[in-house]
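**Q** I have a structure here, written as structure tokens, and I will follow up with some questions on it.
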Ligand code: BT5
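Okay, here's the thing in structure tokens:
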């Protein structure tokens with residue numbers, strides 16, 4: 462993995478998806494490329510879900526990390542970036558209100574403020590980050606509680622400042638990862654997300670598992686103790702809800 466800072470900043474006015482853009486152009490672009498889009502016409506979530514935003518009210522960006530030879534690194538990086546976004550948001554919002562939700566959501570007082578989409582393609586990882594800078598009118602129901610930096614901080618938020626702070630924080634966290642200071646990801650994420658022993662339901666496709674979170678492994682797989690049948694279920698993807 463290349464460890465150079467993210468300092469090749471590409472600003473696009475409008476694009477389908479910043480993740481798709483980086484995946485398409487990864488061979489031509491250097492390590493350390495970050496692409497920001499004013500607007501995405503086809504922003505993506507996991508499992509082909511949609512991600513919404515509005516020009517002037519949303520951050521949509523993707524970071525390119527090259528020379529990744531192991532998919533595990535891709536997963537670890539997505540947890541690392543969640544921590545970086547959380548840290549960037551603490552410049553605006555009280556640390557105690559921000560929570561990390563498995564696998565890569567960031568919530569404020571239980572409402573989603575940021576989603577992260579990590580994709581592995583042709584030896585590269587693309588980490589896409591969507592942040593609601595201000596409230597906006599989504600083209601269709603978002604389908605879950607959500608919020609924005611402006612509404613949580615009570616202040617106007619400059620998109621340019623937020624972009625700059627995000628890149629700055631990612632660079633700090635990424636260089637700590639490169640010097641092995643944060644190599645314990647996703648265990649660090651697990652501690653900070655504070656979900657051990659929590660009663661959850663995880664829906665993965667049509668399978669629902671309800672039980673107590675007991676651990677995470679180095680690939681970000683969540684181990685949940687299913688009390689009904691006394692089994693430990695290892696879950697690699699899905700949507701989690703807290704039952705307490
Ligand atoms: C995510 O997926 O949360 C990952 C979102 C990543 C978006 C960024 S934007 C830049 C880059 N380029 C892309 O094309 N994507 C990345 P997931 O966990 O599957 O959540 C998707 C769900 O979040 C949707 O089904 C909605 O319920 C909800 N959602 C959509 N837009 C939202 C928004 N603006 N704020 C909060 N929730 C939203």
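In our numbering, the protein residues as written are 462 to 705.
All C-beta atoms, glycine included, are put in the ideal place defined by N, C-alpha and C.
What are the boundary residues of the alpha helix (DSSP H) that residue 553 is part of?
**A** Here residue 553 corresponds to residue number 92 of the chain shown, with the count starting at 1. Premise fails: residue 553 is in no alpha helix (DSSP H) and is neither H nor E.
**Q** I'd like to confirm something about residue 484: is its beta-carbon nearer than 7 Å to some heavy atom of ligand 1, or not?
**A** As a working note, residue 484 is residue 23 in the chain shown. Residue 484 Cβ: outside cutoff for every heavy atom of ligand 1.
**Q** Is it right to say residue 530 is buried, meaning 16 or more other beta carbons lie within 10 angstroms of its own, or is it exposed?
**A** Walking along the chain shown from the start, residue 530 turns up at place 69. Answer is exposed; the Cβ neighbour count stays below 16.
**Q** Could you have a look at residue 544 and say whether DSSP puts it in helix, strand or coil?
**A** If you number the chain shown from 1, residue 544 lands on position 83. Residue 544: helix per DSSP, three-state reduction.
**Q** With a threshold of 7 Å, establish whether the CB of residue 563 neighbours any heavy atom of ligand 1.
**A** Walking along the chain shown from the start, residue 563 turns up at place 102. No; taking the cut-off as 7 Å, the Cβ of residue 563 has no heavy atom of ligand 1 nearer than that.
**Q** Compare the C-alpha of residue 567 against each of 646, 546 and 554 and name the closest.
**A** The count along the chain shown starts at 1 and reaches residue 567 at position 106. Out of 646, 546 and 554, 546 has the C-alpha closest to the C-alpha of residue 567.
**Q** Should residue 552 and residue 626 be called a contact, given that it needs their Cβ atoms to be closer than 8 Å?
**A** Along the chain shown, one-based indexing puts residue 552 at 91. Along the chain shown, one-based indexing puts residue 626 at 165. Yes, Cβ-Cβ distance for residue 552 and residue 626 is below 8 Å.
**Q** So residue 697 is in the beta strand (DSSP E); what residue range does that whole segment cover?
**A** Counting from one through the chain shown, the residue named residue 697 turns up at place 236. Taken as a continuous stretch (DSSP letters only), residue 697 belongs to no beta strand (DSSP E), as it is neither H nor E.
**Q** Which residue marks the beginning of the alpha helix (DSSP H) containing residue 560, and which one marks its end?
**A** Your numbering for residue 560 matches position 99 in the chain shown. No alpha helix (DSSP H) holds residue 560; the beta strand (DSSP E) holding it covers 559 to 562.
**Q** Using DSSP with H/G/I as helix, E/B as strand and the rest coil, what is residue 535?
**A** For the purposes of this step, residue 535 is taken as residue 74 along the chain shown, with counting starting at 1. Three-state result, residue 535: helix.
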